[in-house]
Amino acid sequence: MQTSQINPAHVSLVDAHLHADILHHVCPKDFAAYAGTGAGISWSFVYEPDGWESFPPYFDSLEKLCSNPGIKGFCLYYLVGVHPRSLPSPTRGWMDNAFWSSLESHVLGPSCLGLGELGLETGSDGEVAVLKEQLSWASSLLPQDKRIGIHTPRKDKARMTRQILKLVAEVPTLQPRIVIDHVNEENLEMVMETGLMMGMTMQQGKMTPEKLADILDRYPQLAHRIMLNSDAALKTDPLYQTAMSFLPGISADIHARLIRENACSFWGIAV
52 MQTSQINPAH
62 VSLVDAHLHA
72 DILHHVCPKD
82 FAAYAGTGAG
92 ISWSFVYEPD
102 GWESFPPYFD
112 SLEKLCSNPG
122 IKGFCLYYLV
132 GVHPRSLPSP
142 TRGWMDNAFW
152 SSLESHVLGP
162 SCLGLGELGL
172 ETGSDGEVAV
182 LKEQLSWASS
192 LLPQDKRIGI
202 HTPRKDKARM
212 TRQILKLVAE
222 VPTLQPRIVI
232 DHVNEENLEM
242 VMETGLMMGM
252 TMQQGKMTPE
262 KLADILDRYP
272 QLAHRIMLNS
282 DAALKTDPLY
292 QTAMSFLPGI
302 SADIHARLIR
312 ENACSFWGIA
322 V
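Count along the sequence shown from 1, add 51, and you get the number used in this note's numbering.
Spelled out as structure tokens, the structure:
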């Protein structure tokens with residue numbers, strides 16, 4: 052695992068999952084608020100792709116944004132991959148050589164930290180096939196210092212998470228490099244049992260400071276495995292902004308782990 056080069060004393064937070072390409076366009080005020088805060092990781096989400104040919108230029112645009120996010124004191128990184136809500140129509144064929152070549156090129160770059168946002172939304176045959184294909188590719192070709200972020204949906208979360216974990220179990224060499232995101236009380240215990248890292252999204256309907264405090268009160272050992280994020284796209288939820296400065300009933304040391312140190316260690320971020 053790549054060693055973090057970040058000095059936590061110089062960084063307030065690491066937003067371990069946002070969609071900077073959307074946020075800086077739709078809500079520039081919220082994006083500008085990241086100035087001076089530290090670092091963020093922009094996960095891939097292609098909106099209504101025309102086909103697999105839409106992905107390489109999209110990945111290129113993420114790399115360009117990360118090279119110059121336009122705000123001071125904020126280092127931006129990105130992930131590449133296929134979100135389950137970004138699948139092209141089956142009539143557009145299958146992931147082609149241009150897609151895989153682009154994926155491989157990007158994960159070799161310093162600003163790209165790995166694959167994401169992989170996962171399942173409805174568990175359709177197409178989603179399962181695309182997730183399995185990306186995990187298979189990663190097991191052979193993803194550099195050892197890169198990581199994988201996996202989405203779990205709002206609806207039918209427990210069943211979808213169970214299916215995701217079954218697919219992840221088929222590639223055991225990848226498991227130390229995987230984070231399961233949008234974990235809440237519905238899928239907490241099944242993810243806990245795997246030993247995988249967890250992302251928790253501070254948004255209404257996903258995770259709140261009060262629920263997080265209750266989870267850590269019951270399972271204090273999870274303080275080393277949880278990374279908080281905003282999943283900000285159209286806007287940043289005030290819950291995330293609050294959680295970055297204060298979490299009720301949580302010590303300063305644990306708070307620092309949740310908003311910064313666990314992410315620095317897992318993603319190997321250098322700022």
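Note that beta-carbon positions come from the ideal geometry of N, C-alpha and C, so glycine has one too.
Within the same chain, and ignoring the five residues on either side of Leu159 in sequence, the residues whose Cβ sits closer than 8 Å to its Cβ are Pro194. Less than 7 Å divides the Cβ of Pro139 from the Cβ of Trp103.
In the structure shown, the three-state DSSP call for Ser162 is coil. Beta-bridge partners of Phe125 (DSSP): Gly89. Taking all protein chains in view, the Cβ of Gly87 is surrounded by fewer than 16 other Cβ atoms within 10 Å, so the residue is classified as exposed. Take Ala284, set aside five residues on each side of it, and the residues of its chain with a beta-carbon closer than 7 Å to its own are His70, Ile73, Leu74, in chain order. By the neighbour-count definition (other C-beta atoms within 10 Å, threshold 16), Glu236 is an exposed residue. Here Leu298 is buried, its C-beta having at least 16 other C-beta atoms within 10 Å.
In this structure, Val242 sits away from Met253, with a CB-CB distance that is not shorter than 7 Å. Each of Asp207, Arg276, Ala90 was checked against the Cα of Asp66, and the nearest Cα belongs to Ala90. At a Cβ-Cβ threshold of 7 Å, Ala264 and Ile310 do not count as neighbours. Between Leu225 and Ser190, the CB-CB gap stays under 7 Å.
One thing to note: Asn238 has its Cβ no nearer than 7 Å to the Cβ of Ala220.
Close CB contacts of Ile305 within its chain, under the 6 Å cut and outside five residues either way in sequence, are with Ala274 (chain order). When the Cα atoms are used, Ser175 and Gly165 turn out to be separated by approximately 24 Å. Residue pairing by DSSP places His202 opposite Gly170 in a beta bridge.
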